[in-house]
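Residue numbers (full-length UniProt numbering): 1 to 340.
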C-alpha cells in the first residue's frame, strides 16, 4: 500500500504497527483496510483520508480510526468515551437572541443519520441502496401534516422539477473525487432522492454521503424554531427506521468527522466590521465556532456575510452544541457592534 505524501490524518496515523495489526482484518461484510483508506490513498491532498464502509469498520479498524477520531474531535481518552445525548431545549436557554437576530439572514440545522443494519454509503450494494430509499420514503410518507411534502427520486427527475429544485437550492450533486474514491457515488443516481416539505422549511437528502441528511431551515434568526423542527422530524422518522448508534461514538456516519451528534447548525450572519478588523477567525476559534463563506467550505464571504456554525460534534450533546452556537453568535454580534 502506497501512502499519500501529504500529512492527512490517515498518513499521520497509518504507522507500521497499525499496518501490521490491521492488514488482514476484515469486517463480516468483507471490507478491508484497502476499502477504509482508498479515498486517502487516491487523493493525497485529503485532510482526513478514511471512510467507513460499514458500522463494524469502526470496531474492527479501531487501531486506525481511534487516533484519527481523537485528533480531529480533540478528545483525549477516546477509548473510554461515552458520547452524551440530550436533544431537549428550553426557550430560556436562548436569552439574548435579539442581539444577533437582526444580523442573521437565515438559519439552518442538519443531522446525518444511517439506518441500523445496512452498510454505510461507501460499501452499499445497489440492492441495499434501493432498500434504504424504499424504507425512508415509507417513513417520510407518515410524517405529520406540518412536515409533509413530496419525495423526488433523482433517477426519475424531469427537467422542470430538476430546475425547480435547483432554484430552491435543495438539489444535491454527485459527490466529489474524495467521495468517488470512497465508493459513495457508486450506481449514481439510483437510490438517491430529495424530500421537500410543502413549506420548504424541511428537507431530507436520501443516500447522499450518509443514508439521510435531515435538514431544517428558514429565513431569519429563530434558532429555537429551526432546532425544534429538526428534533421533531428526527423523532418522527426514527419511529419507523432505527438509526445506527453506539454509546461510545454516538450516531455513526461514513466519515469520522460527522460522528456523535452528526449535527451542524449554522447562521448566515452579517459581520462586516469583524471582517474588516480581521478578528473574526480568532473570535470564532475562541468560541468553538467554524467560519466559512456562504457557498460552502473554502468559499469566500459575500458582502460581509459568513456561515457561522458549531465546530464540535462528538463528546457533547445536541443541546450543548446548539446553545454553544447561540452563545457564540450573541458574542460575535456584541463584538460587531463595538467595531461599527
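Note that the Cβ used here is the ideal one computed from N, Cα and C, for glycine as well.
Bear in mind that the values here come from a model prediction, so they are computed numbers and not experimental data.
Tell me the DSSP bridge mates of residue i?
i	result
residue 102	None, per the DSSP bridge assignment.
residue 195	151 and 204
residue 12	Answer is none; residue 12 lacks a bridge partner.
residue 270	305
residue 263	111
residue 243	115
residue 215	110 and 203
residue 292	307
residue 251	245 and 260
Leaving out five residues before and five after residue i in sequence, what residues of the same chain have Cβ atoms less than 8 Å from its Cβ?
i	result
residue 334	99
residue 161	152
residue 81	75, 248, 249, 314 and 315
residue 91	224
residue 101	220, 221 and 222
residue 164	none
residue 166	none
residue 178	39, 43 and 46
residue 7	none
For residue i, which option in the options has the closest C-alpha, if you only look at C-alpha atoms?
i	options	result
residue 52	68, 35 and 19	35
residue 343	148, 260 and 57	Since the displayed the chain opens at 1 and closes at 340, residue 343 lies outside it and no answer follows.
residue 310	291, 302 and 248	291
residue 234	216, 320, 189 and 278	216
residue 17	50, 49, 62 and 30	62
residue 330	301, 264, 177 and 93	93
residue 261	23, 14, 109 and 50	109
residue 88	294, 60, 229 and 237	229
residue 141	238, 107 and 302	238
residue 340	286, 320, 277 and 305	277
residue 286	305, 12, 312 and 117	312
residue 69	338, 267, 258 and 129	258
residue 9	23, 155 and 49	49
residue 64	85, 22, 282 and 84	22
residue 111	252, 128 and 148	252
residue 272	332, 232, 86 and 193	332
residue 232	73, 60, 84 and 148	148
residue 30	245, 71, 124 and 267	124
residue 146	128, 197 and 118	197
residue 59	245, 236 and 293	245
residue 150	264, 199 and 7	199
residue 281	306, 264, 71 and 128	306
residue 267	236, 324, 186 and 73	324
residue 71	159, 256 and 236	256
Among residues of its own chain, excluding the 5 on either side of residue i, which ones have a beta-carbon nearer than 6 Å to its beta-carbon?
i	result
residue 42	181
residue 157	none
residue 122	51, 53, 182, 183, 184 and 254
residue 20	none
residue 236	143
CB residue i to CB residue j, shorter than 9 Å?
i	j	result
residue 328	residue 288	yes
residue 133	residue 207	yes
residue 213	residue 226	no
residue 40	residue 46	yes
residue 184	residue 209	yes
residue 322	residue 284	no
residue 301	residue 218	no
residue 77	residue 243	no
residue 336	residue 103	yes
residue 66	residue 126	no
residue 130	residue 194	no
residue 176	residue 320	no
residue 120	residue 211	yes
Using a beta-carbon distance below 9 Å, is residue i in contact with chain D?
i	result
residue 235	Checking the listed chains, one finds no chain D in this structure; it contains a single protein chain.
Ignore the nearest five residues each way along the sequence and tell me which others in residue i's own chain have a CB closer than 7 Å to its CB.
i	result
residue 28	56
residue 326	94, 97 and 223
residue 201	216, 217, 218 and 229
residue 188	174
residue 304	270, 271, 272 and 275
residue 84	316 and 317
residue 128	118 and 119
residue 264	110, 309 and 310
residue 79	66
Would you say the region 159-178 touches the region 131-148, given that touching needs at least three Cβ pairs under 8 Å?
-> no
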